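Trainee: Protein chains in written order, with our numbering: chain A, 88 to 162; chain B, 88 to 162; chain C, 88 to 162; chain D, 88 to 162; chain E, 88 to 162; chain F, 88 to 162; chain G, 88 to 162. Pasting a structure below so you can have a look.
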Amino acid sequence: MTQTDNRPLTVLNNNLGNNVIVELRYGKEYRGKLSGYDPHLNIVMEDVKEFIKGEKIREMDKALLRGDNVVYVSP
Amino acid sequence: MTQTDNRPLTVLNNNLGNNVIVELRYGKEYRGKLSGYDPHLNIVMEDVKEFIKGEKIREMDKALLRGDNVVYVSP
Amino acid sequence: MTQTDNRPLTVLNNNLGNNVIVELRYGKEYRGKLSGYDPHLNIVMEDVKEFIKGEKIREMDKALLRGDNVVYVSP
Amino acid sequence: MTQTDNRPLTVLNNNLGNNVIVELRYGKEYRGKLSGYDPHLNIVMEDVKEFIKGEKIREMDKALLRGDNVVYVSP
Amino acid sequence: MTQTDNRPLTVLNNNLGNNVIVELRYGKEYRGKLSGYDPHLNIVMEDVKEFIKGEKIREMDKALLRGDNVVYVSP
Amino acid sequence: MTQTDNRPLTVLNNNLGNNVIVELRYGKEYRGKLSGYDPHLNIVMEDVKEFIKGEKIREMDKALLRGDNVVYVSP
Amino acid sequence: MTQTDNRPLTVLNNNLGNNVIVELRYGKEYRGKLSGYDPHLNIVMEDVKEFIKGEKIREMDKALLRGDNVVYVSP
Numbered sequence: 088m089t090q091t092d093n094r095p096l097t098v099l100n101n102n103l104g105n106n107v108i109v110e111l112r113y114g115k116e117y118r119g120k121l122s123g124y125d126p127h128l129n130i131v132m133e134d135v136k137e138f139i140k141g142e143k144i145r146e147m148d149k150a151l152l153r154g155d156n157v158v159y160v161s162p
Numbered sequence: 088m089t090q091t092d093n094r095p096l097t098v099l100n101n102n103l104g105n106n107v108i109v110e111l112r113y114g115k116e117y118r119g120k121l122s123g124y125d126p127h128l129n130i131v132m133e134d135v136k137e138f139i140k141g142e143k144i145r146e147m148d149k150a151l152l153r154g155d156n157v158v159y160v161s162p
Numbered sequence: 088m089t090q091t092d093n094r095p096l097t098v099l100n101n102n103l104g105n106n107v108i109v110e111l112r113y114g115k116e117y118r119g120k121l122s123g124y125d126p127h128l129n130i131v132m133e134d135v136k137e138f139i140k141g142e143k144i145r146e147m148d149k150a151l152l153r154g155d156n157v158v159y160v161s162p
Numbered sequence: 088m089t090q091t092d093n094r095p096l097t098v099l100n101n102n103l104g105n106n107v108i109v110e111l112r113y114g115k116e117y118r119g120k121l122s123g124y125d126p127h128l129n130i131v132m133e134d135v136k137e138f139i140k141g142e143k144i145r146e147m148d149k150a151l152l153r154g155d156n157v158v159y160v161s162p
Numbered sequence: 088m089t090q091t092d093n094r095p096l097t098v099l100n101n102n103l104g105n106n107v108i109v110e111l112r113y114g115k116e117y118r119g120k121l122s123g124y125d126p127h128l129n130i131v132m133e134d135v136k137e138f139i140k141g142e143k144i145r146e147m148d149k150a151l152l153r154g155d156n157v158v159y160v161s162p
Numbered sequence: 088m089t090q091t092d093n094r095p096l097t098v099l100n101n102n103l104g105n106n107v108i109v110e111l112r113y114g115k116e117y118r119g120k121l122s123g124y125d126p127h128l129n130i131v132m133e134d135v136k137e138f139i140k141g142e143k144i145r146e147m148d149k150a151l152l153r154g155d156n157v158v159y160v161s162p
Numbered sequence: 088m089t090q091t092d093n094r095p096l097t098v099l100n101n102n103l104g105n106n107v108i109v110e111l112r113y114g115k116e117y118r119g120k121l122s123g124y125d126p127h128l129n130i131v132m133e134d135v136k137e138f139i140k141g142e143k144i145r146e147m148d149k150a151l152l153r154g155d156n157v158v159y160v161s162p
């Protein structure tokens, strides 16, 4: 089996414009539209809702999340 | 003895399409099909179940796990 | 979909001169005008207010924030 | 004295096929056969037993341990 | 808007000889004259006062602060 | 004054075959013969005694210690 | 103002042979003669006294301190 469409950066690229969940360390979760990324896994999202330990904390029109803190991105 | 088929990235490559367990820091565990990876050990899984300290938390169709947090991958 | 205007560094560049929120680790938040950055996500802000866990701690004319600690930048 | 056979990666190479103990951070210990490694100290083991703080947790046919968490490898 | 004078290293360079506040992780703060830096944000200060959680701990004629621990530098 | 014989890697090289103390993070200490190293400060020791917070935990014929965790090496 | 003699590595170089204080993370402090360094801020000291939270713990003829843990070096 090859991983043609499932390399990590390809998965991000294929989901531009889609809603994703980004889990960061420390129990932080961001839900919104994936609109950009770079090879460090820095992530740009739009219409973002921030949750900490399941509780909604903040809504943001746009946010740039630093890749260092990413635990997972789920399309 | 040589390690021809047991270099770390070769082990990942040989298990594309197989079920694996990925243990991350902080007691997080992900079970599902390995469908992609890169040299940073970023991992793409499909049909993923997330467990925290043994309790099932979430099911995801697909997830990209950041390699920095990996403790081990077991095929 | 392409990410022409939504690459992480492009988002910073497009917001030079605008007010942003920078969230750092440890519950620290900085609000003020984005006036500079570099590819490490080091950030220069002007007219900055520092909040820790929601409480205003300090006002600064200018501050250079180290990118390593950034959780997110929101324009 | 020279270190011809005792450079770190040489020690790993000379122990391919031998039983080793790999201690990771957070009190985790893995015992089994060393079957692969790379220069980041990522380690592949076979017939692995995982211990946490001295208690056996899990047995695995194969595991790829991320080098970042290694405290020591003892042949 | 461009960031000609507000790139992170330019801000350090423009403040050589000026008094600055350097906040490090763990609630440590250093106040004194900025007299040197490098691209890692390693910082040399003179006539430095060290504060931990607001309490003055030590005075030093000169100190080289490692950039890794910097939270912010404020001129 | 120059540091001809006191560059960090030279100090390691000059002590190959000698007994050293290696202190790692988390209060771990290793005493034994220095038999190898690399530029990442990965260290190979022989006839090693491991102490945690002053208590002897384990004796090992050989151990490869990952450099990331080193606090100091004392010849 | 220029920083000719106050670049971080220059400050270390100019203090070879002098007594310095090296503060590491976790409240560890080392006092002794600076006898070597490298660009990673790895530091070699002689006639070193180790203090933890102000209490003297150990004296060493020589010690190589890993640069990663340095908070500051004060000549």
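Positions of the beta carbon are idealized from the N, C-alpha and C atoms, including for glycine. None of these values were measured; they are calculated from a predicted model.
Please classify Glu110 of chain E as buried or exposed, where buried requires at least 16 other C-beta atoms within 10 Å of its C-beta.
Mentor: The residue given as residue 110 of chain E occupies position 23 in the fifth sequence. Result: buried.
Trainee: Give the interface partners of Leu151 of chain A over in chain B, defined as CB-CB distance under 9 Å, in chain order.
Mentor: Within the first sequence, residue 151 of chain A is the residue found at index 64, counting from 1. Result: empty, since nearest Cβ-Cβ is about 16 Å, beyond 9 Å.
Trainee: What residues from chain D crowd round Val131 of chain B, counting only those whose CB sits closer than 8 Å?
Mentor: Translated into the one-based positions of the second sequence, residue 131 of chain B becomes position 44. Per Cβ cutoff of 8 Å: no residues; Val131 of chain B is ~15 Å from chain D at best.
Trainee: Using a 10 Å radius around the Cβ and a threshold of 16 neighbouring Cβ atoms, would you call Asp92 of chain B buried or exposed?
Mentor: Position 5 of the second sequence, counted from the first residue, corresponds to residue 92 of chain B. That one is exposed.
Trainee: Answer yes if the segment 153 to 162 of chain F comes into contact with the segment 139 to 153 of chain G, meaning at least three C-beta pairs across the two stretches below 8 Å, and no otherwise.
Mentor: A contact exists between the segment 139 to 153 of chain G and the segment 153 to 162 of chain F.
Trainee: In whole angstroms, what is the alpha-carbon distance linking Arg112 of chain G and Asp155 of chain G?
Mentor: Taking the first residue of the seventh sequence as 1, we reach residue 112 of chain G at position 25. Taking the first residue of the seventh sequence as 1, we reach residue 155 of chain G at position 68. Between Arg112 of chain G and Asp155 of chain G, the C-alpha separation is close to 9 Å.
Trainee: Which term fits Glu142 of chain B, buried or exposed, when burial requires 16 or more other beta carbons within 10 angstroms of its beta carbon?
Mentor: Reading the second sequence from its first residue, position 55 is the one you call residue 142 of chain B. Exposed, by the Cβ-count rule.
Trainee: Please confirm whether Ser161 of chain A has its beta-carbon closer than 8 Å to some beta-carbon of chain C.
Mentor: The residue labelled residue 161 of chain A in the question sits at position 74 within the first sequence. Not closer than 8 Å to any Cβ of chain C, the Cβ of Ser161 of chain A fails to qualify, so no.
Trainee: Counting contacts by CB-CB distance shorter than 8 Å, is Asp125 of chain D in contact with chain B?
Mentor: Residue 125 of chain D sits at position 38 when you count from the first residue of the fourth sequence. Chain B contact via Cβ: present.
Trainee: Ends of the alpha helix (DSSP H) at Leu103 of chain A?
Mentor: The sequence position of residue 103 of chain A within the first sequence is 16, counting from 1. Where Leu103 of chain A is concerned, there is no enclosing alpha helix (DSSP H), given that its DSSP letter is neither H nor E.
Trainee: Using C-beta distances below 8 Å, list every residue in its chain close to Asn105 of chain A, excluding the 5 sequence neighbours before and after it, in chain order.
Mentor: The count along the first sequence starts at 1 and reaches residue 105 of chain A at position 18. Cβ within range, chain order: Lys120, Leu121, Pro162.
Trainee: Looking only at C-alpha atoms, which of F:Arg94, F:Leu128, F:Thr89, F:Glu116 sits nearest to Lys136 of chain F?
Mentor: Numbered from its first residue, the sixth sequence carries residue 136 of chain F at position 49. Nearest of F:Arg94, F:Leu128, F:Thr89, F:Glu116 to Lys136 of chain F, Cα basis: F:Glu116.
Trainee: What residues from chain C crowd round Leu103 of chain A, counting only those whose CB sits closer than 9 Å?
Mentor: Here the question's residue 103 of chain A lines up with position 16 in the first sequence. Within 9 Å Cβ-Cβ: Met88, Thr89, Gln90, Asn93.
Trainee: For Leu128 of chain F, go through chain G and note every residue whose CB falls closer than 7 Å to its CB, in chain order.
Mentor: Position 41 of the sixth sequence, counted from the first residue, corresponds to residue 128 of chain F. The contacting residues are Arg153.
Trainee: According to the Cβ coordinates, are Gly114 of chain D and Lys140 of chain D closer than 8 Å?
Mentor: Here residue 114 of chain D is taken as the residue at index 27 of the fourth sequence, counted from 1. Here residue 140 of chain D is taken as the residue at index 53 of the fourth sequence, counted from 1. Yes, the pair counts as a contact, with Cβ atoms nearer than the cut-off.
Trainee: Using the Cα positions of Asn100 of chain A and Pro95 of chain C, report the straight-line distance between them to the nearest angstrom.
Mentor: To locate residue 100 of chain A, count along the first sequence from 1; it is residue 13. To locate residue 95 of chain C, count along the third sequence from 1; it is residue 8. Computed Cα separation, rounded: 14 Å.
Trainee: Does Val135 of chain E have its Cβ less than 8 Å from a Cβ in chain C?
Mentor: Working through the fifth sequence from its first residue, we reach residue 135 of chain E at position 48. Taking Cβ atoms only, chain C never reaches closer than 8 Å to Val135 of chain E, which makes this a no.
Trainee: I'd like the ranges of any beta strand (DSSP E) spanning at least 3 consecutive residues and lying wholly in the segment 89 to 156 of chain G.
Mentor: If we require 3 residues or more, the beta strand (DSSP E) runs fully inside the segment 89 to 156 of chain G come out as 106 to 111, 115 to 124, 130 to 139, 142 to 152.
Trainee: Which value, in whole angstroms, describes the spacing of the CA atoms of Val107 of chain D and Leu103 of chain F?
Mentor: Your numbering for residue 107 of chain D matches position 20 in the fourth sequence. Your numbering for residue 103 of chain F matches position 16 in the sixth sequence. Distance between the alpha carbons of Val107 of chain D and Leu103 of chain F is about 23 Å.
Trainee: Quick one: residues in its chain with C-beta nearer than 8 Å to the C-beta of Ile144 of chain A, no 5 flanking neighbours on either side, listed in chain order?
Mentor: If you number the first sequence from 1, residue 144 of chain A lands on position 57. So the qualifying residues of the chain are Glu137, Phe138.
Trainee: Give the C-beta separation of Val131 of chain G and Val98 of chain F to the nearest angstrom, bearing in mind that I take them to be a contact with Cβ-Cβ under 8 Å.
Mentor: Within the seventh sequence, the letter at position 44 stands for residue 131 of chain G. Within the sixth sequence, the letter at position 11 stands for residue 98 of chain F. The pair is a contact, with the Cβ atoms about 5 Å apart (cut-off 8 Å).
Trainee: Alpha carbons only, please: which of B:Asp125, B:Asp134, B:Pro126 is nearest the one belonging to Arg118 of chain B?
Mentor: Here the question's residue 118 of chain B lines up with position 31 in the second sequence. Residue B:Asp134 is the option with its Cα nearest to Arg118 of chain B.
Trainee: Return no unless some Cβ of chain C is closer than 8 Å to the Cβ of Asn156 of chain A.
Mentor: Along the first sequence, read from residue 1 onward, the residue named residue 156 of chain A stands at position 69. It does; some Cβ of chain C falls within 8 Å.
Trainee: With DSSP as the reference, identify every bridge partner of Val160 of chain E, one or two as the case may be.
Mentor: Position 73 of the fifth sequence holds residue 160 of chain E. Answer is C:Leu151, E:Val109.
Trainee: Can a CB atom of chain E be found closer than 8 Å to the CB of Leu111 of chain C?
Mentor: Residue mapping note: residue 111 of chain C aligns to position 24 of the third sequence, counting from 1. Interface residue, yes.
Trainee: What in chain D is Cβ-close to Leu99 of chain B, meaning under 9 Å?
Mentor: Along the second sequence, read from residue 1 onward, the residue named residue 99 of chain B stands at position 12. By Cβ distance, chain D contributes Leu151.
Trainee: Within a Cβ cutoff of 7 Å, which residues of the same chain sit near His127 of chain F, ignoring the five residues on either side of it in sequence?
Mentor: Counting from one through the sixth sequence, the residue named residue 127 of chain F turns up at place 40. Cβ neighbours of His127 of chain F beyond the five flanking positions: Gly154.
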